[in-house]
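Notes to accompany the following structure.
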Ligand code: MN
């Protein structure tokens, strides 16, 4: 637990990424999907669990089509304040490139059938099976996060649950590219505009 690995990878004299902090005691847990234009353009999917952002690289971004399985690769936990980070990481630093807050909002764990209490997120992550409801600006509704193997190093899949927010024709990754936080494009963020 914790964000030591996150801090070790970064030189905070050079990057403006947050060092730590941002515990949101008593507040609804958040999620954020950041578009990251580094060596290879990708998305990062992060959910707040017990004071950290559990993070996964989501190469193609989320889909609203329940038939699509989107690969997610585990990466280091980030501090909750990272959900507010949008900007430029210096090229010679870890993750060098542009970060855009593509979507964000709150989430809650969905009750399993016949369960009285929502499953504990930490336990669900350890078990490799999480079902959550996202309340984003672009992405809403139920999503399943399924680990493809038994160890914490294994990859995951992000799959839209069949509900009223499912839409096989929508492709928000392509049609809604701007920041959910600032309305800016990657290029505007890179130029420091807005
Ligand atoms: Mn990234």
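In our numbering, the protein residues as written are 11 to 204. Don't be surprised by glycine CBs; every beta carbon is placed ideally from N, CA and C.
Note to self: Comparing C-alpha positions only, which one of 94, 45, 109 and 72 sits nearest to residue 31?
What the structure shows: Of the listed residues, the one whose Cα sits closest to residue 31 is 94.
Next item on the list: Would you mind working out which of 116, 68 and 42 sits nearest residue 51, comparing C-alpha positions?
Entry: The shortest Cα separation from residue 51 among 116, 68 and 42 belongs to 68.
Next item on the list: Classify residue 90 as buried or exposed, calling it buried when 16 or more other Cβ atoms lie within 10 Å of its own Cβ.
Entry: buried
Next item on the list: Report the rounded CA-to-CA distance for residue 72 versus residue 16, giving the unit in angstroms.
Entry: 24 Å
Check: Assuming residue 66 and residue 92 make a contact with CB atoms under 8 Å, what is their CB distance in whole Å?
Finding: About 13 Å separates the two Cβ atoms, so there is no contact after all.
Checklist line | Beta-carbon proximity of residue 168 to residue 80, cut-off 7 Å | finding: The answer is yes: Cβ separation under 7 Å.
Item checked: Sheet register partners of residue 212 (DSSP bridge) -> In the structure displayed, the chain extends from 11 to 204; residue 212 sits before or after that span and is not available.
Item checked: Cβ shell of residue 28 (< 8 Å), same chain only, five flanking positions each side left out -> 89, 91, 92, 94 and 95
Margin query: Rounding to the nearest angstrom, what Cα-Cα distance links residue 191 and residue 117 in this structure?
Written below: 17 Å
Check: Relative to the C-alpha of residue 75, which residue among 174, 165 and 179 is closest?
Finding: 179
Notebook entry, point to check: Which residues share a DSSP beta bridge with residue 157?
Noted result: 166
Check: First and last residue of the alpha helix (DSSP H) that includes residue 198?
Finding: Segment 196 to 200, the alpha helix (DSSP H) holding residue 198.
Check: Would the C-beta of residue 54 count as close to ligand 1, meaning under 6 Å from any of its heavy atoms?
Finding: yes
Next item on the list: Apply the 10 Å Cβ neighbour rule to residue 37 and answer buried if 16 or more other Cβ atoms are within range, or exposed otherwise.
Entry: exposed
Check: Around the Cβ of residue 189, are there at least 16 other Cβ atoms within 10 angstroms (buried) or fewer (exposed)?
Finding: By the 10 Å Cβ count, residue 189 comes out buried.
Checklist line | Residues bridged to residue 120 (per DSSP) | finding: Looking at the DSSP assignment, residue 120 forms no beta bridge with any residue, so it has no partner.
Next item on the list: List in chain order: all unbroken beta strand (DSSP E) runs of 3+ residues lying wholly within the region 70 to 112.
Entry: Within the region 70 to 112, the complete beta strand (DSSP E) segments of 3 residues or longer fall at 79 to 88 and 97 to 99, listed in chain order.
Margin query: Considering only their Cβ atoms, is the gap separating residue 107 from residue 100 smaller than 7 Å?
Written below: In this structure, residue 100 sits away from residue 107, with a CB-CB distance that is not shorter than 7 Å.
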